[in-house]
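Colleague: Sharing a structure here in structure tokens format.
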Amino acid sequence: MNNVRKDFPILTKKVNGHQLVYFDNAATTQKPYQVIHAIVDLLEHYNGNPHRGAHTLSMEATELYDEAKQAVARFINARSADEIIFVRNTTEALNLVARSYGEANLHSGDKIVIPISEHHSDLVPWQRVASKTGAKLVYMYLDEEGHFTDEDLAKIDDHTKIVAFAAVSNVLGMKRPVEKIIKKAHQVGAIAVLDGAQSAPHMKSDVQKWDCDFYAFSGHKMLGSAGTGVLYGKLELLRNMEPFLSGGDMIEYVQEQSTTFAEVPFKFEAGTENVEGAVALHAAIDYLEAIGFDAIEQHEYELTRHCMEGMLKLPYIHLLGSKDPKEKVGVISFTIDGVHPHDAATILDSYGIAIRSGHHCAQPLGHHLHVEASNRVSFYIYNTIEEVDYFLSKLPLVRKQMGFKD
Amino acid sequence: MNQLYSDIILEHNQNLSNKHELKDFTLQEHGHNPSCGDDITLQADIHNGIVRDAAYTGHGCAISQASADMMIDLIKGKPTAEALRLVNLFLDMIKRKETDDAKLEELEDAIALKNISNMPARVKCAVLAWHTLKDALEKKEENR
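Chains as they are written, first to last, in this note's numbering: chain A, 3 to 408; chain B, 8 to 151.
Put into structure tokens, the structure is as follows:
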């Protein structure tokens, strides 16, 4: 794993006179040369508008775009590339499901069940579905460490039509019992919507094994470029759904007053496709698969374990969620007594360390835990034990800077 | 960093004498930074155009809390028009529209936040209380 750093040009950057230590990977990841070159290669040699032209460049762009989709289908073990829709990001993917499935199929008295730990992108769209259809949005409140309880799972009942949850929580960093919850959803006749923003980059995704109905993730959190996300959906569900956006390339025939739509997945991809993003994601998948998720998981576990051990020695640090690094995928959220996260982030930045501070787009969880803001470090393949040690050595200086004499 | 988290900022951050609810108030305004979650409620007791008392509650970083504390120290006992003028002077300082230290001395301790304009990520923390007061006073003026 140590030789990957040379592939990431940004990692040599100096920030405030220090070597950059990038620990904000749950927000977005850095890009290797292989991804950067894939974008440049497309723009220098193959740029055309896909699916539209009979000329060489359009056909080459089409081929690259469709190959990227095939790669994504293999990456998550979909049955076919027809189940893969390219969107801008996880947020757009979840909005697509909420609008085209949720609003069309839910009625007054139905329930949507989600955990309190969800990112706003897997929460606000369901609030809107509930307010438009009269369905009820019901929360699973989890235990003190963020685990699902029997009481939570009992909320998935005969009235439930949608169960949505993140396979890995972006704040707690905890891996969810994906198959157990999906099975429960299917037992009551609900569909299961899986937010994969924090799972797709860090662990093997297998939509057939999980049996989720929808799976959403973002390219930029797994070495790809921003603006490319993926929605996987089971074909029979996608076929029965109305388009989300309408316009170019999603049509079959357009008359003056009416339109018939293209087949899945094209009916969900209106407008000129983001081919740069697709080739970047393809290159990112190739890069990750060459390393392999066993090695990635092992590496991130080592970093997480080492970091949590160091942090637990500091009495003024409090970890959110489980204290067991085995339950996490390289995401550690914490508070520092007497120091607001924004101040901590600013002080750590002065040492070149990038961490996230704030509500992490999960305000309802913050209200529920009475932790309105927290700090978050999140690792990826290029982070090292040395960087974790450097970070641990600077944590006491954050307190000192704020006037504490520990 | 020592310049940003100077003693004067840390003192105002830790000083809780202006951080409480007022029993009597004629003005209350809520201020919020949606991107970071900082959230304050500002209260003032205004009689005959004079800010007799003011206080705030809520949560946020050291910069936003120190800034709120400094502002309240500054405006207490002043006529509302004068308070509004000082708020605008502070906002001009942050926007670097006013850089003359002689003029900015009127802001008393709040002049310590002058260099925050070099840190775009933290500007919104520094101005939260001031924008909140400005909104409240301007609303009050409209309602008269």
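Just so it is clear, CB atoms sit at the ideal spot from N, CA and C, and this is done for glycine as well.
Nothing here was measured: the structure is a model prediction, and the numbers come from that model.
Measuring alpha carbon to alpha carbon, tell me which of A:Lys-182, A:Thr-135 and A:Asn-276 ends up nearest Val-232 (chain A).
Modeller: Considering only alpha carbons, the answer is A:Asn-276.
Colleague: Mapping the DSSP letters down to three states, classify Gly-340 (chain A) as helix, strand or coil.
Modeller: The answer is coil: DSSP assigns Gly-340 (chain A) none of H, G, I, E or B.
Colleague: Cα-Cα, which of A:Tyr-303, A:Lys-396 and A:His-284 is closest to Phe-77 (chain A)?
Modeller: If we check each option's Cα against that of Phe-77 (chain A), A:His-284 comes out closest.
Colleague: So what does DSSP say about Phe-268 (chain A), is it helix, strand or coil?
Modeller: It is helical.
Colleague: From the DSSP output, which residues share a beta bridge with His-37 (chain B)?
Modeller: DSSP output for His-37 (chain B) lists B:Thr-48 as bridge partner(s).
Colleague: Arg-129 (chain B) versus chain A: which residues are under 8 Å apart at the beta carbon?
Modeller: His-344 and Thr-348, listed in chain order.
Colleague: Report back the beta-carbon spacing between Cys-1 (chain A) and Leu-240 (chain A) to the nearest angstrom; my notes put them in contact at under 8 Å.
Modeller: This structure gives no information on residue 1 (chain A), because the portion of chain A shown stretches from 3 to 408.
Colleague: With a threshold of 8 Å between beta-carbons, can Ala-73 (chain B) be considered close to chain A, or not?
Modeller: Not an interface residue.
Colleague: Does any C-beta atom of chain A lie closer than 8 Å to the C-beta of Leu-23 (chain B)?
Modeller: No, its Cβ sits nowhere closer than 8 Å to a Cβ of chain A.
Colleague: Suppose the cutoff is 6 Å on Cβ atoms and the five residues either side in sequence are ignored; what does the same chain contact list for Val-390 (chain A) look like?
Modeller: Result list for Val-390 (chain A): Leu-305, His-308 and Cys-309, in chain order.
Colleague: His-66 (chain B) versus chain E: which residues are under 7 Å apart at the beta carbon?
Modeller: Given the protein chain composition of this structure (A and B), no chain E is represented.
Colleague: If I measure Cβ to Cβ from Asn-25 (chain B) and keep anything under 6 Å in the same chain, skipping five residues before and after, which residues do I get?
Modeller: If we look at Asn-25 (chain B) and ignore the five residues flanking it on each side, its Cβ neighbours are Ala-62, Asp-76 and Ile-79.
Colleague: Where does Tyr-234 (chain A) fall in DSSP's three states?
Modeller: Strand.
Colleague: Can you list, in chain order, the residues of the stretch 351-376 of chain A whose Cβ is nearer than 8 Å to any Cβ on chain B?
Modeller: So the close ones are Ser-352, Ser-359, Gly-360, His-361, Gln-365, Gly-368, Glu-374 and Ala-375.
Colleague: Please list the partners that Gln-403 (chain A) has in chain B, where partner means a Cβ-to-Cβ separation under 8 Å.
Modeller: Chain B residues near Gln-403 (chain A): Met-8, Asn-9 and Tyr-12.
Colleague: For Leu-17 (chain B), go through chain A and note every residue whose CB falls closer than 8 Å to its CB, in chain order.
Modeller: Within chain A, the residues near Leu-17 (chain B) are Met-404 and Gly-405.
Colleague: Span of the alpha helix (DSSP H) holding Val-195 (chain A)?
Modeller: It is not in any alpha helix (DSSP H) - Val-195 (chain A) instead sits in the beta strand (DSSP E) that spans 193-197.
Colleague: To which residues does DSSP link Gln-21 (chain A) through a beta bridge?
Modeller: In the DSSP output, where bridge partners are listed per residue, Gln-21 (chain A) has A:Lys-16.
Colleague: In three-state DSSP terms, what is Glu-254 (chain A)?
Modeller: The answer is strand: DSSP assigns Glu-254 (chain A) an E or B state.
Colleague: Can you pull the chain A neighbours of Ala-69 (chain B), defined as C-beta to C-beta under 7 Å?
Modeller: His-342, Asp-345 and Met-404, listed in chain order.
Colleague: Need the endpoints of the beta strand (DSSP E) that Tyr-63 (chain B) sits in, please.
Modeller: Per DSSP, Tyr-63 (chain B) belongs to the beta strand (DSSP E) from 57-66.
Colleague: Name the residue from A:Ala-228, A:Thr-274 and A:Asp-208 whose alpha carbon lies nearest to the alpha carbon of Ser-82 (chain A).
Modeller: Selected option, being the one with the closest Cα: A:Asp-208.
Colleague: Indicate the three-state DSSP secondary structure (helix, strand or coil) for Pro-117 (chain A) in the structure shown.
Modeller: Looking at Pro-117 (chain A) - three-state DSSP - the assignment turns out to be strand.
Colleague: Are the CB atoms of Ile-298 (chain A) and His-161 (chain A) within a distance shorter than 8 Å?
Modeller: Against a cut-off of 8 Å, the Cβ pair of Ile-298 (chain A) and His-161 (chain A) comes out as no contact.
Colleague: Counting only beta-carbon separations shorter than 8 Å, does Gly-44 (chain B) have a partner in chain A?
Modeller: With 8 Å as the cut-off, Gly-44 (chain B) counts as an interface residue toward chain A.
Colleague: Using the Cβ count rule (16 or more neighbours within 10 Å means buried), how would you classify Arg-103 (chain B)?
Modeller: By the neighbour-count rule (16 or more Cβ atoms within 10 Å), Arg-103 (chain B) is not buried but exposed.
Colleague: If you check the beta carbons only, do Ser-227 (chain A) and Glu-291 (chain A) fall under 8 Å apart?
Modeller: Cβ atoms of Ser-227 (chain A) and Glu-291 (chain A): not closer than 8 Å.
Colleague: Where His-301 (chain A) and Glu-388 (chain A) are concerned, what is the direct C-alpha to C-alpha distance, given to the nearest angstrom?
Modeller: So the alpha carbons of these two residues sit roughly 13 Å apart.
Colleague: Determine the DSSP secondary structure at Arg-378 (chain A), reduced to helix, strand or coil.
Modeller: The answer is strand: DSSP assigns Arg-378 (chain A) an E or B state.
Colleague: Just tell me which of A:Asp-112, A:Lys-402 and A:Glu-65 has its CA closest to the CA of Gly-55 (chain A).
Modeller: Of the listed residues, the one whose Cα sits closest to Gly-55 (chain A) is A:Glu-65.
Colleague: With distance defined between alpha-carbon atoms, name the residue in A:Asn-97, A:Gly-104 and A:Asn-385 nearest to Ala-218 (chain A).
Modeller: Residue A:Asn-97 is the option with its Cα nearest to Ala-218 (chain A).
Colleague: By DSSP's criteria, Asp-358 (chain A) is part of a beta bridge. Which residues make up the other side?
Modeller: This sequence places Arg at residue 358 (chain A); Asp is not what is there. Partner(s): A:Arg-378.
Colleague: Determine whether the beta carbon atoms of Val-23 (chain A) and Tyr-392 (chain A) lie at a separation below 8 Å.
Modeller: Yes.
Colleague: Thinking C-alpha only, which one of A:Ala-192, A:Met-252, A:Glu-120 and A:Gln-32 is nearest Pro-52 (chain A)?
Modeller: For the residues A:Ala-192, A:Met-252, A:Glu-120 and A:Gln-32, the minimum Cα distance to Pro-52 (chain A) belongs to A:Met-252.
Colleague: To which residues does DSSP link Met-176 (chain A) through a beta bridge?
Modeller: In the DSSP output, where bridge partners are listed per residue, Met-176 (chain A) has A:Lys-330.
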